[in-house]
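Be aware that the sequence shown starts at 210, since it is given in the numbering used here, and climbs by one per residue.
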Amino acid sequence: MVLGIEHIHPKESTHFVRGGLDQILCKIAAEKDKIIAFSFSDILNSPQRSKLLARMMFNIKLCKKYKVKVFFSNFSMEQMEMRSARDLLSFWNVLGGAGKGCLEIQKQS
């Protein structure tokens, strides 16, 4: 499982989003059966949410195109950061993660 790939490049390019993933990494991840994970806690604690959301949306599009397994969960460190599975599912749909076989949500008990 690869988590936090959006944080690799500190600066954006003028002409494109630098999400940390590209077609080569997606093909390798699909071949090797790797999982790309996205953290809701990163979004909550990010000082630049708009940049992080754009990178996540870009990475989700690439993962869907190359059929890479993805995982979206809280990954929270504090109790106040916890969200219900329904809230996470709704937010995942907004990010563009809706679709067949593209969503796994870890249910917290």
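Backbone N, C-alpha and C fix where the C-beta goes; we use that ideal spot for every residue, glycine too.
Please read all numbers here as calculations on a predicted model, not as lab measurements.
Spatially closest choice to residue i from the options, by CA coordinates
i: S278; options: E290, D231, V226, C235; result: Residue 278 is actually Lys in this sequence, not Ser. Cα-wise, what sits closest to K278 is C235.
i: P219; options: M210, V211, L212, G229; result: G229
i: N302; options: K270, K241, S250; result: K270
i: K273; options: R258, M289, D231, R227; result: D231
i: K324; options: R227, M289, M291; result: An answer regarding residue 324 cannot be provided, because it is not within the stretch 210 to 318 covered by the chain.
As assigned by DSSP and simplified to three states, the class of residue i
i: I245; result: strand
i: F280; result: strand
i: F267; result: helix
i: A307; result: coil
i: I217; result: coil
i: E240; result: helix
Residue burial classification, residue i (beta-carbon count within 10 angstroms, cutoff 16)
i: G310; result: Because G310 carries a pLDDT of 49, less than 50, the predicted location of this residue cannot be relied on, and the following value inherits that uncertainty. Result: exposed.
i: F225; result: exposed
i: N268; result: buried
i: G389; result: Because the chain spans 210 through 318 in this model, residue 389 falls outside it and cannot be assessed.
i: E215; result: buried
Residue i and residue j closer than 8 angstroms at C-beta
i: L304; j: M265; result: yes
i: S255; j: F284; result: no
i: I245; j: A239; result: no
i: M210; j: S250; result: no
Those residues which DSSP pairs with residue i across a bridge
i: K212; result: The identity of residue 212 in the sequence shown is Leu, whereas the question assumes Lys. Partner(s): A246.
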